[in-house]
């Protein structure tokens, strides 16, 4: 039975026990939406005709209230959906190059050429180094670096982003793929699992794009991203210490590797250490050239030779990685010519383009064969981890540069371009790729105008595969390690942590948990531990909603300040009843629902339980000030003996059961005795 009041009067139920109906049943009615006044007719070719010629058909807006089924067959809906994919607008949205290429000019070409070549010179040594982080031979870094940039040129919505291997994705690839791959006769890890991981990454990212699942990244908070990036950078830097110091037999685990390196300090290669440390210092110093701000007189024109000089200085700063690697390779070649072979070279790199073929889903080495089932069981969670991490890294970078350079980034289109880039890369024997901050920053600072800069970057990588691989032999491994360490040190963001601490100390909790988990548990799990902690912090106010209590004229008014859902419904029930029973004479309870816009089934069940508790102690429970939707839900729920009124004042006037007292209204937050009620749950 449901009691309702109108104009302050209490209405009992009907004598026959039947409440007023709240649902009107109507005969099934077919509803057709059309723009004209006359009835439209549907043609199989996907158009709608009406007598006045204004009718139009769209399968997304064809509704029927007939429970027997839709007015338009499913096959017709599917046909129209596929037709919509082939419209000019859809093709333009999926291929942004159609929009900007007709407006291309020579000035854009000059800017894109300089930016593309500069990024390419940075991409080559980084790709060689990142392949080492991924546990693969150096050429696989180059295989991953070139085809994806051509795809992004056609499909990408950002002028700044360049796809390719990244430090974080390379390290996760090593964790989930190459570290559990069987070894080839030459001692290297079989690349099959890493290639398959790129293939599945592409498929999942394409799937996420079509179903708009990029929203998953919204659940990764800034403290988690920041802590994960910083911890990953430290992990990557530590993983390169063994190469920088020229020691062997160091495991990949962060804590264990530090302990082993400490024990092997007496056996370090002084040549490798000196070269590696020098590369770190020189790269950092050269990068400073990009940050020079020239002070010019606004009233005097800048001479051409000065502008060329400044551009060269900037390019030296932007191409610091390439310059250091080239110089280091030259030094090693000279030393080996004079018989000094103390520096460790990169070694032989297979020249030429990779073989183009579909990824294999089994591994055969000699008499050993690993079936696809075993392969995927070893990759396990990596199938989900890498697509999300790659998406998170690229989208964070893309949104930043889109905001700085004032253009719009299409997240769904970006996700689609990353997915197709990874998918095609796997056919060229590459591993998973994403956008990286360092190369994207160089691209932006070089003044790139369109995604066409990616074409020049890809051409540089192809040229290196065909003609420069013999020279890559002389690149010292310690130089590549120094380049990586110099690159990842910039990812350790201390200033953001200070900002977090000043702004909201609660954010420090997920930051420290993510940071510690990434270092101690593993980079592949740190991000998910951080996400879990962030979600728990986000859900805590829902599970323990803040409630205001006030007493007036024998009533206790209970006001939840937020919504009421199943995690906090039982908490509110116990809290309200216990507070009402704390006084000598129990108060009637008025639940002020002004802040509730919706109630789920658990919340309604808790109201039933609260009502039973009130009746057991001789109290009334009055539900007041509910919004239209909430009132409808309560009526449909048909809570026995529920009293529903329009306002709190109406409840006090209608159900006053004791004389007015001199009690003063006081609002208290439920946090003051939180521990007592938590123990009740």
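In our numbering, the protein residues as written are 13 to 693. Heads up, the beta-carbon is just placed ideally off N, CA and C, and yes, glycines get one too. Remember, predicted model here, so these are calculated numbers, not experimental data.
Candidates 395, 496 and 311: closest to residue 296 by CA position: To locate residue 296, count along the chain shown from 1; it is residue 284. The shortest C-alpha separation from residue 296 is found at 496.
Residue range of the alpha helix (DSSP H) that includes residue 412: The residue labelled residue 412 in the question sits at position 400 within the chain shown. Element bounds for residue 412: 394-416.
Need the endpoints of the beta strand (DSSP E) that residue 572 sits in, please. On the chain shown, position 560 is the one that residue 572 refers to. Residues 567-572.
Would you say residue 181 and residue 402 are within 8 angstroms of each other, going by their C-beta atoms? Sequence index remark: in the chain shown, residue 181 carries index 169 (1-based). Sequence index remark: in the chain shown, residue 402 carries index 390 (1-based). A contact, by the Cβ cut-off of 8 angstroms.
Measure the CB-CB distance between residue 185 and residue 443 and report whether it falls below 8 angstroms. Reading the chain shown from its first residue, position 173 is the one you call residue 185. Reading the chain shown from its first residue, position 431 is the one you call residue 443. Their beta carbons are under 8 angstroms apart, which means residue 185 touches residue 443 by this criterion.
So who's on the other strand from residue 447, going by DSSP bridges? In the chain shown, residue 447 corresponds to position 435, counting from 1. Residue 447 is bridged to 175.
Return no unless some Cβ of chain C is closer than 8 angstroms to the Cβ of residue 208. Of the protein chains in the structure, only one exists, and it is not chain C.
Which one or two residues does DSSP pair with residue 383 in a beta bridge? Translated into positions along the chain shown, residue 383 becomes position 371. Answer by DSSP bridge pairing: none, since residue 383 is not bridged.
Between the C-alpha atoms of residue 433 and residue 213, what's the straight-line distance to the nearest angstrom? Indexing the chain shown from 1 puts residue 433 at position 421. Indexing the chain shown from 1 puts residue 213 at position 201. Cα-Cα distance, rounded: 10 angstroms.
On the DSSP letters alone, give me the boundaries of the alpha helix (DSSP H) that residue 654 sits inside. On the chain shown, residue 654 is found 642 positions in, with the first residue counted as 1. Taken as a continuous stretch (DSSP letters only), residue 654 belongs to no alpha helix (DSSP H), being part of the beta strand (DSSP E) at 654-657.
Just checking my contact of residue 523 with residue 512 at CB under 8 angstroms: how many whole Å lie between their CB atoms? Counting from one through the chain shown, the residue named residue 523 turns up at place 511. Counting from one through the chain shown, the residue named residue 512 turns up at place 500. Contact holds; Cβ gap of about 6 angstroms.
What does the Cβ neighbour count give for residue 696, buried or exposed, with the cut at 16 atoms within 10 Å? The structure shown has nothing for residue 696, since the chain only spans 13 to 693.
Cutoff 7 angstroms; reference residue 132; Cβ partners in own chain excluding five residues on either side: Numbered from 1 along the chain shown, position 120 holds the residue referred to as residue 132. Taken in chain order, the residues that qualify are 468, 469, 472 and 473.
When you compare only the Cα positions, how much space is there between residue 637 and residue 660? Within the chain shown, residue 637 is the residue found at index 625, counting from 1. Within the chain shown, residue 660 is the residue found at index 648, counting from 1. Cα to Cα, the separation comes out at about 7 angstroms.
By a C-beta neighbour count over all protein chains shown, 10 Å radius and 16 as the cutoff for buried, is residue 216 buried or exposed? Residue mapping note: residue 216 aligns to position 204 of the chain shown, counting from 1. Buried, because 16 or more other Cβ atoms sit within 10 Å of the Cβ of residue 216.
I'd like to know if the stretch 480-489 and the stretch 355-374 are in contact, where contact means that at least 3 CB-CB pairs between them fall below 8 angstroms. yes
N- and C-terminal bounds of the beta strand (DSSP E) containing residue 666: Here the question's residue 666 lines up with position 654 in the chain shown. Element bounds for residue 666: not the beta strand (DSSP E) but the alpha helix (DSSP H), 660-666.
Which runs of the beta strand (DSSP E) at least 3 residues long sit entirely within the stretch 561-632? Give them in chain order. 567-572 and 600-604
Counted within 10 angstroms of its Cβ, other Cβ atoms place residue 681 as buried (16 or more) or exposed: Numbered from its first residue, the chain shown carries residue 681 at position 669. Confidence in residue 681 is poor, its pLDDT being 46 and thus under 50, which makes the residue's placement too unreliable to answer from.
What number of angstroms, rounded off, separates the C-alpha of residue 515 from the C-alpha of residue 424? As a first step, residue 515 is located in the chain shown; it is residue number 503 there, counting from the start. As a first step, residue 424 is located in the chain shown; it is residue number 412 there, counting from the start. Distance between the alpha carbons of residue 515 and residue 424: 32 angstroms.
Mind checking who residue 376 pairs with in its DSSP beta bridge? On the chain shown, position 364 is the one that residue 376 refers to. Answer is 381.
Using CA coordinates, which residue listed in 369, 187 and 464 is at the minimum distance from residue 117? Along the chain shown, read from residue 1 onward, the residue named residue 117 stands at position 105. It is 464 whose Cα lies nearest to the Cα of residue 117.
Buried or exposed: where does residue 102 fall if 16 or more other Cβ atoms within 10 Å of its Cβ makes it buried? In the chain shown, the residue the question calls residue 102 occupies position 90. By the neighbour-count rule (16 or more Cβ atoms within 10 Å), residue 102 is not buried but exposed.
Roughly how many angstroms lie between the CA atoms of residue 125 and residue 136, to the nearest whole one? Counting from 1 along the chain shown, the entry for residue 125 is found at position 113. Counting from 1 along the chain shown, the entry for residue 136 is found at position 124. The straight-line gap from Cα to Cα measures roughly 17 angstroms.
In whole angstroms, give me the CA-to-CA distance for residue 111 and residue 641. Taking the chain shown and counting its residues from 1, the one referred to as residue 111 is at position 99. Taking the chain shown and counting its residues from 1, the one referred to as residue 641 is at position 629. Whole-angstrom Cα-Cα distance: 46 angstroms.
If the criterion is Cβ atoms closer than 8 angstroms, does the pair residue 287 and residue 340 meet it? Start at 1 with the first residue of the chain shown, and residue 287 comes out as number 275. Start at 1 with the first residue of the chain shown, and residue 340 comes out as number 328. Taking 8 angstroms as the Cβ cut-off, residue 287 and residue 340 qualify as a contacting pair.
So, are the CB atoms of residue 371 and residue 208 less than 8 angstroms apart? Position 359 of the chain shown holds residue 371. Position 196 of the chain shown holds residue 208. In contact: residue 371 and residue 208 (Cβ atoms closer than 8 angstroms).
Please confirm if the stretch 495-510 is in contact with the stretch 183-197, defined as three or more CB-CB distances below 8 angstroms between the two stretches. no
Which residues in the same chain have their Cβ closer than 7 angstroms to the Cβ of residue 422, if we skip the five residues on either side of it in sequence? For the purposes of this step, residue 422 is identified with residue 410 of the chain shown, where counting begins at 1. Contacts found: 169.
Could you name the residues that DSSP lists as bridge partners for residue 137? The count along the chain shown starts at 1 and reaches residue 137 at position 125. Paired residue(s): none; residue 137 is not in a bridge.
Go ahead and label residue 65 buried or exposed: buried means 16 or more other beta carbons lie within 10 angstroms of its beta carbon, across all protein chains shown. The residue you call residue 65 lines up with position 53 of the chain shown. Any reading at residue 65 needs caution, since the residue's pLDDT is 36, under 50, leaving its predicted position unreliable; the model's value is listed next. Residue 65 is exposed by the Cβ-count criterion.
7 angstroms Cβ shell around residue 437 - same chain, five flanking residues per side excluded: Reading the chain shown from its first residue, position 425 is the one you call residue 437. Cβ neighbours of residue 437 beyond the five flanking positions: 156, 159, 160, 210 and 445.
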